[in-house]
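First residue of the sequence shown: 158, per the numbering used here; consecutive thereafter.
The beta carbon of each residue, even a glycine, is placed where N, CA and C say it ideally should be.
Note that the structure is predicted; figures quoted are calculated from it, not measured.
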Amino acid sequence: TNKGRIDAIIQTQTHVYIFEFKLNQTAAKALEQIHNKDYYARFQNQGKDIYLIGINFNTELRNIDDYEIEQIK
Numbered sequence: 158t159n160k161g162r163i164d165a166i167i168q169t170q171t172h173v174y175i176f177e178f179k180l181n182q183t184a185a186k187a188l189e190q191i192h193n194k195d196y197y198a199r200f201q202n203q204g205k206d207i208y209l210i211g212i213n214f215n216t217e218l219r220n221i222d223d224y225e226i227e228q229i230k
């Protein structure tokens with residue numbers, strides 16, 4: 158988008174999933190970025206369910222340690 162780069166998008170016939178990944182931060186920070194940069198705005202008039210997914214990877218654990226999912230109504 159003109160406000161930033163979306164990490165990943167998956168679109169189906171009925172749903173849009175927007176992913177933001179963080180490293181050693183929080184899933185809340187990832188969702189905050191999606192909202193602050195309006196990554197979902199261009200999908201709102203498509204009649205699809207929109208899900209925002211924030212995921213944090215922890216380098217010490219070498220795994221996902223936090224995630225949050227939010228549906229846009």
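Member of the options whose CA lies at the smallest distance from the CA of residue i
i, options, result
"Y208", "H192, L218, T216 and R219", "H192"
"K160", "D195, L188, H172 and T171", "D195"
"K230", "I166, H172 and R162", "H172"
"Y197", "A185, A184 and F176", "F176"
"E225", "Q203, R162 and Q182", "Q182"
"L218", "E189, Q168 and L180", "L180"
For residue i, the residue or residues it bridges with in DSSP
i, result
"I207", "V173 and I229"
"Q168", "V173"
"L180", "F214"
"Y196", "Answer by DSSP bridge pairing: none, since Y196 is not bridged."
"N220", "N215"
DSSP-derived helix/strand/coil call for residue i
i, result
"I163", "coil"
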